[in-house]
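For the sequence shown, the residue numbers in mature numbering (1 follows the signal peptide of the UniProt record, and there is no 0) are -28 to -1, 1 to 439.
Backbone N, C-alpha and C fix where the C-beta goes; we use that ideal spot for every residue, glycine too.
Please read these numbers as outputs of a predicted model, since none were measured by experiment.
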Amino acid sequence: MQLVEYSRMASLGLLALTAALLAGVCTAEPQPLKVTTIKQEPYAMSKGTELEGFCIDLLSALASKLGFKYELHVVKDGRYGAKNEQGTWNGMIGEVFRREADLAVAPLTLTAIREAAVDMTKPFMQTGLSFIMRKDIASDDSQYLSFLNLFSTEMWLGILVAYLLTSFCIYLAARISPSEWEKPQADENQFTLSHSFWYTVGAITLQGAGPHPKALSGRLITAIWWLFSLMVLACYFANLSAWLHSDSNQLSIKSFEDLANQNIIQYGTIKGSSSLNFFKNSNNPIYRRVYENMERQQSYAQSMDEGVRRAQEGNYAFIGESVSLDLVVARYCNLIRSPDVVGMRGYSIAAPLGSPLMKNLSVAILQLSESGELDYLRSKWWASSCVAENAQASPLKASSLKGVFLLLALGLGLGVAMALMELAAKSRSIANTQQKSCCSIWLTELSQRFGRKEEKTSSETEEKCKA
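Given below as structure tokens:
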């Protein structure tokens, strides 16, 4: 009886102990995640005893969304992570690989070799490879006809057609309108076809070329052409001003092909970086030439800061991640980034292989991207003091001034119609006086205006032959 009672008490004690242990497990706070990062502007920067930057804000947003705590530290060797000849990893990838850190939150490029060593999330930022150099070295003064690029081809063709039509309409109006014939019996009109073309050129250059039209129809066409010329010149000079302050339109070296085809400017990237591996492992002949030249000249930089410093000092182009170079250009206004971006890749967060955090982190990153949070962080940390100086000038298209072209067309049509009406009014007056048909007088007047010179020339030729 006592044995049974003792056994029952032992069972109750065991149950109580198990319940206490389970209660302790359930109420214990989860261990904070160990997160490693690297100091690089604007991803992680010192602010007193703490860190701030794009990656710090990203980590905070992920922690808030997924409900975890973390302890942040800077990577000991100051490297991102590369595999050495002995097959061991250094940098942040090495810490994650050896499980010294649960996460690596930094601008880590997503590559195949890193993905094989650690787990990496969906990219939180897209980037590629580009290069920066000093503006005065990159400028090109050899494009002698570059001023024509301010207008598109269709715009230049539109101006040419408008010029030809306007000149011809002025000629027609001057020939048709009675006001342009001071002496009806005279054989010549001051507005010949050649003078009409010259007059229109003088108008568009704001110089003028007299004599000016006297008829209302001719003045209307001239006024519309003056307005058209003023609008076109205003747009051209506005585009010229933007082009003179534009950087990319004055680059002599715009792409990696241009870089590989010259031997005056040295270029290089960070030694041992994923950027170097891209050129080293590429099958593209241009990229192979870039790598071979860097290898031959040993023009590598040991760090991002060194590459930027060498680019600022002079004859050197630094190759790196485009988003990082955008920040450099935003901070140093004497530098410019090439518009050529190759080898698109993404920045991801790294975790040990098999980490249960991967799925939730990737989903959270996609949610932040879809909500616009990542774009906000990008604009927050990439603010530039050089934005106003980097306005891009693009060729002006004819569609941008379609209203002005339409106004010119209406003015030309109205001017020629007014000239015909002026001639019709004179023809009616003559018809009433001579008791003839108005239409016949109108046709006779037209034939006289456009056939008088030819008739006179033929009559003079006949007289010379008779003589």
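The alpha-carbon separation between alanine 88 and glutamate 72 amounts to approximately 18 Å.
The C-beta distance from aspartate 74 to glycine 63 rounds to 16 Å, too long to meet the 8 Å contact threshold. Put simply, the backbone Cα of lysine 352 is about 31 Å away from that of alanine 84.
The continuous stretches of beta strand (DSSP E) do not include proline 183, and DSSP gives it neither H nor E. According to the DSSP assignment, lysine 41 belongs to no alpha helix (DSSP H), since it is labelled neither H nor E.
An exposed status is given to leucine 382, since fewer than 16 other beta-carbon atoms sit within 10 Å of its beta-carbon. Looking at the DSSP output, tyrosine 319 bridges to Thr81 and Met97.
By the neighbour-count definition (other C-beta atoms within 10 Å, threshold 16), glutamine 12 is a buried residue. Around the C-beta of leucine 212, fewer than 16 other C-beta atoms lie within 10 Å, and the residue is accordingly described as exposed. DSSP places serine 18 in the strand class (E or B) of the three-state scheme. Of all alpha-carbon atoms in Val388, Asp29 and Lys94, the one lying nearest the alpha-carbon of alanine 323 is that of Lys94. Across the set Arg282, Val335, Ala195 and Lys6, the C-alpha of Arg282 shows the shortest separation from the C-alpha of phenylalanine 103. About 5 Å separates the beta carbons of lysine 369 and serine 124, which is inside the 8 Å limit, making them a contact pair.
In its chain, beyond the 5 residues on either side, Glu13, Pro14 and Trp354 have a beta carbon closer than 7 Å to the beta carbon of leucine 299. Taking the Cα positions, glutamine 238 is about 21 Å away from asparagine 253. Beta-carbon to beta-carbon, glycine 174 and serine 149 are separated by about 20 Å, too far to satisfy the 8 Å threshold. Taking C-alpha positions only, cysteine 27 is separated from phenylalanine 96 by approximately 10 Å. Taking leucine 297 as the centre and dropping the five residues before and after it, the same chain places the C-beta of Ser102, Ile104 and Arg309 closer than 6 Å to its C-beta, in chain order. Counting along the chain, tyrosine 259 sits inside the alpha helix (DSSP H) bounded by residues 257 to 269. When secondary structure is reduced to three states using DSSP, aspartate 312 falls in the coil class, being assigned neither helix nor strand. Closest option to tryptophan 61, judged by alpha-carbon separation, among Val90, Leu34 and Val77: Val90. Leucine 30 sits away from asparagine 332, with the two beta carbons spaced by 7 Å or more. With fewer than 16 neighbouring CB atoms inside 10 Å of its own CB, cysteine 411 falls in the exposed class.
In this structure methionine 390 is buried. Its beta-carbon is surrounded by 16 or more other beta-carbon atoms within 10 angstroms. Short of 7 Å from the beta carbon of serine 271, and not among the five residues preceding or following it, lie these beta carbons of its own chain, in chain order: Gln238, Tyr239 and Gly240. For glutamate 67, the number of other beta carbons within 10 angstroms of its own is at least 16, and it is reported as buried. Threonine 172 is positioned such that its CB atom lies closer than 7 Å to that of tyrosine 135. Of the residues assessed, methionine 316 falls on the exposed side of the cut-off, its CB having fewer than 16 other CB atoms within 10 angstroms. In this model, aspartate 347 and asparagine 255 are separated by some 34 Å (Cα to Cα). Alanine 54 and isoleucine 65 have their C-alpha atoms roughly 7 Å apart.
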